[in-house]
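Below: the structure, in structure tokens.
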Amino acid sequence: KTFHFGACRVSMSLAEIRAGFTAIKANIQSRDPIRTLSILSHPHSLHKVKSADRCCIAHQLLTFYVDKVFKHCRTEDSFVNRKISSIANSFLSARRRLGQCREQNNCACGEESTEKFKQILANYEGLNVTSAAMKSLGELDILLDWMEKSR
Amino acid sequence: SGELYCSLPNPKNVRFESINMKNVLHWSAPEGTGDGVLYKVKYAVYGVGKWIRKPECRNINRTWCDLSSETSDYEEQYYASVKAFLNGTCSDWMETTRFNPLTDTKIDPPMVSVSSTDRSISIILTAPEKWKRSPEEESISLLQVYPGLQYNVSVLNKKTKKRWLFSISNHTLIVPWLEPGTAYCVSAQIHVTTPLLDSGFSKEHCITTLKDK
Amino acid sequence: GDALLPAPQSISILSTNMKHFLTWSPVIVQGATVRYSVEFQGEYEREYANGSWIPISECSLTTATVCNITEDISATVAYKLRVRAELGATRSPWATTKGFFSRAMTSLTPPELRVVADGHHVLVELADMGPSFQFRVLYWKKGQESRVQQRGMKDVSSVVHLDTMEAGAEYCVKAQTHVEAINRSSSFSPTQCVRAQGDTSVWL
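Residue numbers (my numbering), protein chains in the order written: chain A, 2 to 152; chain B, 24 to 236; chain C, 1449 to 1652.
And the structure:
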């Protein structure tokens, strides 16, 4: 599948990430008791990101998950841990593909999306690290729904 | 919140049942409570800081509540919750899991219309519409919601009992070079690749090609 | 107690059509049943999770000397695998794969293809190979090899309609698999040709 992130056209398969997440969605989301706060979708919605900024925001979010989220999501459940590993390694692969295009096209971040990503980090830092990581992992479908709209 | 001491058993199996994004909250009555139980419902947009009561589902005795209007923005995700009351006591609030209309809805099969000549049949498929508040409201086809939507079309030759499958992206299909005076039965399914969603197959529409001129 | 039990030898990975298996030679201890445990490590675990290893529960304390690692090798990155022998409380050192394994190294075989003519219609049946696979079907009218047409197919759980044929014409078909996740294709299946008006596939 080819995705259009601003100037970048990237061939990527999100189906495996989606399948991995669907397999653990109920388990992960049940570990997040906070209904009234979101990392990715409030107060700013990803769906309002301007097309030109999609490349930069997508790369930042893939990096956010790789650097900050997955490592704090270890559980007592072997099946869940293996699916998280599958998703994390797929994120590395996806980020590498997007990164190659990003360097060539210098995906600059506009002011608005820089602000959006700052808000995401603020939402994340507003919780203790395990809760924030588990909530972010439970919101993976919000990220995937947004990325898949770029097809 | 000034509520009574809640010793009533809880409503069970609180969940959204969604078809074409008509999102209805369903639950089962608390165990061993018999008639007379009343319920109230609230919902929340995930990530937004407040629960909102649903007035039309306050003090109701049925075990469902249509929240389609409140959950129609499929770029958001939702929770809903139900509380039971009986003879001055109540249950706890019982919540759904997080509901994502885009991935958690079921899709109806497409509408199928078939016409024939002596040697061909032509098939027109129509994807179902997203639920809407009123007939006057603008219709949104699920094709717009799921850009990767495709159709699987099954054509059965009733004489030879052979079934062919066509996988198409556009909504029309003409099958030429058929046998005159033969019955063909057509049914179709919607297939969305991401997120992975499949409708069932529609009921069969049978048509007979005209006799040879 | 670990040093008494030798590590498994001849550890290797067999991978065909995106199905990946780790195999090793048995550790022989007279009169005893030796068991084995397998773990994997992806690029993420190496680079971002302190080189951690993840156990494969289906291959924990197994007596088999093969482990299906397909479900866990589920990203196109470099993986390492390791296995050790266990006998009661005694454990051998880990035996770790030399170098890295990526699923992009899997060997892809041509698809099983059956071509059928039904009146003026050419139909194909392709054996299902799993969700990673798509099929590229090439077909042409015999004698017009320069005018090849192609169709991409994904879900092939039954007889799929390819095209309609001119009366009396002979059409030839071949197919290859394509795996989008590793961006590689198999070689083509042997060509099969059929003639309109109810002929069944003829190997030419």
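All C-beta atoms in this analysis are idealised placements derived from N, C-alpha and C, irrespective of residue type, glycine included.
Residue i vs residue j beta-carbon contact at 8 Å
i	j	result
A1523 (chain C)	S12 (chain A)	no
M1613 (chain C)	N1465 (chain C)	no
K117 (chain A)	D33 (chain A)	no
A1455 (chain C)	S1540 (chain C)	yes
L1556 (chain C)	S1634 (chain C)	yes
K153 (chain B)	L172 (chain B)	no
Q1624 (chain C)	R1584 (chain C)	yes
V1486 (chain C)	V1531 (chain C)	yes
F71 (chain A)	Y1527 (chain C)	no
L201 (chain B)	S143 (chain B)	yes
T126 (chain B)	S30 (chain B)	no
A211 (chain B)	Y174 (chain B)	yes
A1629 (chain C)	E17 (chain A)	yes
P1503 (chain C)	S91 (chain A)	no
L1571 (chain C)	V1604 (chain C)	no
H73 (chain A)	A24 (chain A)	no
W1394 (chain C)	T1513 (chain C)	Nothing in the structure corresponds to residue 1394 (chain C), since chain C is present only between 1449 and 1652.
Chain C within 8 Å of residue i, Cβ atoms only
i	result
D235 (chain B)	no
K238 (chain B)	Here chain B comprises residues numbered 24 to 236, so residue 238 (chain B) is not present and cannot be evaluated.
W200 (chain B)	yes
E149 (chain A)	no
E17 (chain A)	yes
G7 (chain A)	no
N36 (chain B)	no
G21 (chain A)	yes
S114 (chain A)	no
Neighbour flag for residue i against chain B, beta carbons, 8 Å
i	result
H45 (chain A)	no
D1611 (chain C)	no
L1574 (chain C)	no
S137 (chain A)	no
S1555 (chain C)	no
S132 (chain A)	no
L38 (chain A)	yes
Q30 (chain A)	yes
L141 (chain A)	no
Proximity test, Cβ basis, 8 Å: residue i and chain A
i	result
T216 (chain B)	yes
Y102 (chain B)	yes
G1449 (chain C)	Because G1449 (chain C) sits at a pLDDT of 48, beneath the cut-off of 50, its placement in the model cannot be relied upon, and the point is left open.
A67 (chain B)	yes
V71 (chain B)	yes
E98 (chain B)	yes
D1603 (chain C)	no
T1544 (chain C)	no
G25 (chain B)	With a pLDDT of only 49 at G25 (chain B), under 50, the local geometry of the prediction cannot be trusted, and the value read off the model is given with reservation. No, because no Cβ of chain A sits closer than 8 Å to the Cβ of G25 (chain B).
L219 (chain B)	yes
A1552 (chain C)	no
S1463 (chain C)	no
Closer than 7 Å: residue i CB and nearest the ligand FAD heavy atom
i	result
V1475 (chain C)	The ligand FAD is not among the ligands present in this structure, which contains no ligands whatsoever.
Along the region 113-132 of chain B, where does the CB come closer than 9 Å to a CB of chain A? Name the residues.
E118, T120, R121, N123, L125, T126
Is the region 38-54 of chain A touching the region 47-54 of chain B in the sense that three or more CB pairs, one from each, lie closer than 8 Å?
no
Select from the region 1500-1512 of chain C all residues with a C-beta closer than 8 Å to any C-beta belonging to chain A, and list them in chain order.
I1502, P1503, I1504, S1505
Give a yes or no on contact between the region 155-175 of chain B and the region 107-122 of chain B, applying the rule of three or more CB pairs nearer than 8 Å.
no
Using Cβ-Cβ distances below 9 Å, what residues of the region 180-193 of chain B are close to chain C?
N180, T183, K185, R186, W187, L188, F189, S190
Along the region 43-76 of chain A, what residues have a CB closer than 9 Å to any CB found in chain C?
V67, D68, F71, K72, R75
Between the region 131-149 of chain B and the region 86-97 of chain B, do three or more beta carbon pairs fall short of 8 Å?
no
Mind checking the region 81-96 of chain A against chain C and listing, in chain order, the residues whose C-beta falls within less than 7 Å of any C-beta there?
N82, R83, S86, S87, A89, N90, S91, L93, S94
Interfacial residues, the region 1610-1644 of chain C to chain A, with Cβ spacing under 9 Å:
E1628, A1629, N1631
For the region 1473-1502 of chain C, which residues have a CB atom closer than 7 Å to at least one CB atom of chain A, in sequence order?
G1490, E1491, Y1492, E1493, Y1496, A1497, I1502
Cβ contact check for the region 64-74 of chain B and the region 90-100 of chain B: 3 or more pairs under 8 Å:
yes
Whole runs of the beta strand (DSSP E) within the region 25-60 of chain B, excluding any shorter than 3 residues
35-42, 45-51
Let me know the beta strand (DSSP E) ranges lying completely inside the region 1479-1536 of chain C, each 3 residues or longer, listed in chain order.
1483-1489, 1514-1516, 1528-1535
Identify each residue in the region 1560-1572 of chain C for which the Cβ-Cβ distance to at least one residue of chain B is less than 8 Å, and report them in chain order.
D1566, G1567, H1568, H1569, L1571
Would the region 210-221 of chain B and the region 1512-1526 of chain C be scored as touching if the rule is three or more Cβ pairs under 8 Å?
no
Threshold first: 4 residues or longer. Then list the alpha helix (DSSP H) segments lying entirely within the region 55-128 of chain A, N to C.
55-65, 79-106, 112-126
Using 8 Å as the Cβ pair cut-off and three pairs as the minimum, do the region 76-87 of chain A and the region 1496-1512 of chain C touch?
yes
So, do the region 2-21 of chain A and the region 100-115 of chain A have three or more beta carbon pairs nearer to each other than 8 Å?
yes
Would you call the region 176-192 of chain B in contact with the region 1563-1573 of chain C, where contact means no fewer than 3 C-beta pairs closer than 8 Å?
yes
At what residue ranges does the region 96-148 of chain B contain a whole run of the alpha helix (DSSP H), taking only runs of 4 or more?
124-127
Enumerated in chain order, which unbroken segments of the beta strand (DSSP E) with a length of 3 residues or greater are wholly contained in the region 141-210 of chain B?
144-149, 172-180, 185-191, 195-198
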